[in-house]
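Here the structure is laid out as structure tokens; the discussion comes afterwards.
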Amino acid sequence: MSSFYITTPIYYVNARPHLGHAYTTIIADTLKRFYALLGMDARMLTGTDEHGDKIVKAAAKEKKSPKEFVDGISGEFAALWKDLKIDYDQFIRTTDEEHKKSVQTLLQKIYDKGDIYYGEYGGHYCFGCERFYTEKELEDGLCPQHKTKPEYISEKNYFFKMSKYQEWLKQYILDNPDFIRPERYKNEVLAMLEGNVLEDLCISRPKSRLEWGIELPFDKDYVCYVWFDALANYISALGWGNSDDLTKFNTYWPGEHLVAKDILKPHGIFWPTMLKAADLPVYKHLNVHGYWLVKDTKMSKSLGNVVDPRFAAEHFGLDAFRYFLLRDMHFGSDASYSEEALISRINSDLANDLGNLFSRVLSMNAKYFAKEIPALGELSEDDEQIFASVDNALQNYIQLFKEVRFSQALEGLWEPIRLMNKYVDSQAPWALYKEGKQERLATVIRVLLENMYKIAVILYPVMPESSKKMQAQLGKEFSFHGKLMDDLLSCKIHLRTGQAVSETSNLFPRLEKPVEEKQAGKKQNSKNAKQNNAKEEKTETACIEFADFQKLDLRVGTIVAAEQHPDADKLLRFEVDLGEEKPRQIISGIAEFYKPADLVGHKVVVAANLPPRKLRGLVSHGMILTAEKGEHLSLLTSAAPNGAKIS
Ligand code: MSP
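Here's what the structure looks like:
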């Protein structure tokens, strides 16, 4: 049986788990389930990264020993994964004895090969990042991540000859274009490898400065650099370097990694060169995703905008939450998290489309066939179209999942779901029933039930519990067998005529708006009502104060890129240069009036200080102004330079 091995990053235990960690872990769980569904021996690894300065400092802050501290937070990660029903096979901790042994084996192997040497090093050390920065990398003398002044440290250390593998790595990436994906991250790594820039990696810390780490096997005065230690988890978990039994390693390695863009460099550069130096095969794919943002800012404890995944799963339903995360983030790009977006996605796709299909078909089947699956008669063109569209969506879904394009896979799958709802409307089973066309009625219901079954199965990786429930409602017990997907795609009939099925299905109840927003909405409504009354009494309320007008930030810009919005016919996506550091993304509903290609280079006027707003999944940072009368619409323009303010 072929195998599949997926890993998450091992998370630092200096902070409590949040939505970002949960996203990566849910994706890993989804992929494990997906490959298991395809009949593979699928394995998932997660865990915690427990050595290094950061941890020592965080422990000291809570007046705990490092060990006591790491046990606590590592336990919180494990508890969250249990509540989120993550189906991992192994939870590794870098403080595990087996892991320590593997790291030492790896170090010794590379040392014996002559790729680790002892040397003097002076550099700007950021304790937050646990790494040295070169002068060039600092921004105004500060760490680019933490905005704090690094300490200049000069000491003797051990170095890994990473530079020796620069050309090999570059060629490997060029020869294996999906080694790092999506493509933009491959390009980022290639850019890091351009020219003669790769420095050797300092892989030790003197014990005089830091004791909380794995001792170097060839010098007991040093511990191993935390990243070198951490990356080795992916193979130490399989027994490499700590056991004579290499069965697990030989079965699952090389595997696949899942990370966010923050840790692209260690995974894209350090890790493959470490593996190469140790004469081990490199991983199959590095899958890199973007950040979940809250109101366009990265979540952080200090900003107080950290989303609690446990609350979201409990409140909105675990499967619905998973669906939202997979559907709303285009893998690789950043996405915005808000309860409003989550509710709207769940209501439209799950309650309206999928949930509605199940409940209406099952209740019709109960009414017309006493809950028993009816027989399939002769198929019409419309029936064939349903089968074809489901099979086609399933095939695309499988391919897109393999390319980690989850959002597109789900988007495609919803086409036949919507088509089936339309099919119910156009076939009108209630009319067939009235007219006594029993055989045709049976066929229509059976076509729906069979195709609902296929949808239920393929949704297992994304919504495991709901998938099982949907299958149970169709009288099927969920079980894995290697050929399940092949069977699903090669035959039309999977259900048994006469089998009793559920008469109702309340899978995804419609969700209400978040509490605070409802209240805000009410306040807004009563404010509007008051304003309307006032309007009737005093017509001059139509005027605004000059000070209010001055609040508008209207600016001139040039459209530098334009394209159709991927999810909406009426919308176009622009990048507009407003003389700022980067062009802004603006979404505008003018697709009816303009072709995107005609607008590149066009000067426009933009309302620049509107709050960012998400339009069909893409965030718009401002509004392009137009003038409108009747059917006529044209863009406002100005010859002034980009960034000029209109007043
Ligand atoms: N310990 C290292 C990883 C070592 S792996 C050999 C580390 N840990 S971390 O706790 O900082 O986790 C970083 C990872 O958490 C990201 O790569 C990503 O998987 C996840 N996320 C943390 N915040 C995130 C968002 N805001 N959005 C999406 N994922 C994020 O780095």
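Residue 1352 is where the sequence shown starts when you use my numbering, and the numbers rise one by one after that. We put the beta carbon where it would ideally sit given N, CA and C, even for glycine.
Restricting attention to A1629, Y1573, S1710 and D1595, the CA atom closest to the CA of S1559 is found in Y1573.
For the pair D1700 and P1568, the Cα-to-Cα distance works out to about 56 Å. Nearest neighbour of E1790 by Cα position, chosen from H1845, Y1719, E1735 and D1899, turns out to be Y1719. The region 1912-1998 is shown to contain whole alpha helix (DSSP H) runs of 4 or more residues at 1947-1950, in chain order. If one requires a minimum length of 3 residues, the beta strand (DSSP E) runs lying completely within the region 1536-1624 are 1555-1557, 1570-1575 and 1607-1611, in chain order. For the pair L1552 and E1427, the Cα-to-Cα distance works out to about 32 Å. Every unbroken stretch of the beta strand (DSSP E) spanning 3 or more residues and falling wholly within the region 1450-1489 is given here in chain order: 1467-1477 and 1482-1484. Straight-line spacing of the CA atoms in Y1603 and S1353 works out to 9 Å. Looking only at K1933, L1525 and F1672, the smallest Cα-Cα distance to L1541 is reached by L1525. With contacts defined by Cβ atoms closer than 9 Å, G1546 and S1505 do not form a contacting pair. Here the C-alpha atom of G1930 lies approximately 42 Å from the C-alpha atom of V1364. Around the C-beta of W1643, 16 or more other C-beta atoms lie within 10 Å, and the residue is accordingly described as buried.
Short note on K1383: C-beta not closer than 8 Å to any heavy atom of the ligand MSP. Just measuring C-alpha positions, the residue of F1483, V1775 and K1464 sitting nearest H1475 is F1483. In this structure, I1357 is the residue among E1419, A1409, Q1759 and I1357 with its C-alpha nearest to the C-alpha of D1392. Set against 8 Å, the gap from the CB of K1649 to the closest heavy atom of the ligand MSP is smaller. DSSP, reduced to helix, strand and coil, places I1895 outside both helices and strands of the structure shown, so it counts as coil. Sequence-distant Cβ neighbours of R1367 in its own chain, meaning closer than 7 Å and more than five residues away, are I1424 and E1427.
DSSP, read as helix, strand or coil, puts G1826 in coil. Not one heavy atom of the ligand MSP sits closer than 8 Å to the Cβ of W1563. Excluding residues up to 5 positions away in sequence, Y1356, D1440 and Y1603 lie with their Cβ nearer than 6 Å to the Cβ of R1394 in the same chain.
Of the heavy atoms belonging to the ligand MSP, at least one sits nearer than 8 Å to the Cβ of T1359. Per DSSP, the beta-bridge partners of T1648 are V1645. Under a 10 Å Cβ-count criterion, P1812 is classified as buried, with 16 or more other Cβ atoms of the shown protein chains found around its own Cβ. Here the region 1682-1696 does not lie against the region 1832-1839, with fewer than 3 beta-carbon pairs under 8 Å apart. Between M1650 and V1639 the beta-carbon gap is near 18 Å, outside 8 Å, which marks them as no contact. In this structure, A1611 has its beta carbon less than 8 Å from a heavy atom of the ligand MSP. C-alpha of K1753 to C-alpha of L1677: approximately 14 Å in a straight line. Counting only residues of its own chain and dropping the five nearest sequence neighbours on each side, A1782 has no CB closer than 8 Å to any other CB. Taken through DSSP and simplified to helix, strand or coil, A1726 comes out as coil. At a cut-off of 8 Å, the beta-carbon of I1614 counts as near the ligand MSP: some heavy atom of the ligand is closer than that. Take N1716, set aside five residues on each side of it, and the residues of its chain with a beta-carbon closer than 6 Å to its own are I1796, in chain order. Secondary structure at A1629: coil, using DSSP grouped into helix, strand and coil. Per DSSP, reduced to three states, the secondary structure at G1908 is strand. Cβ neighbours of L1986 within its own chain (closer than 6 Å, five residues either side excluded): V1955 and T1977. Taking a contact as a CB-CB distance under 8 Å, the pair V1907 and P1992 counts as one, their CB atoms being some 7 Å apart.
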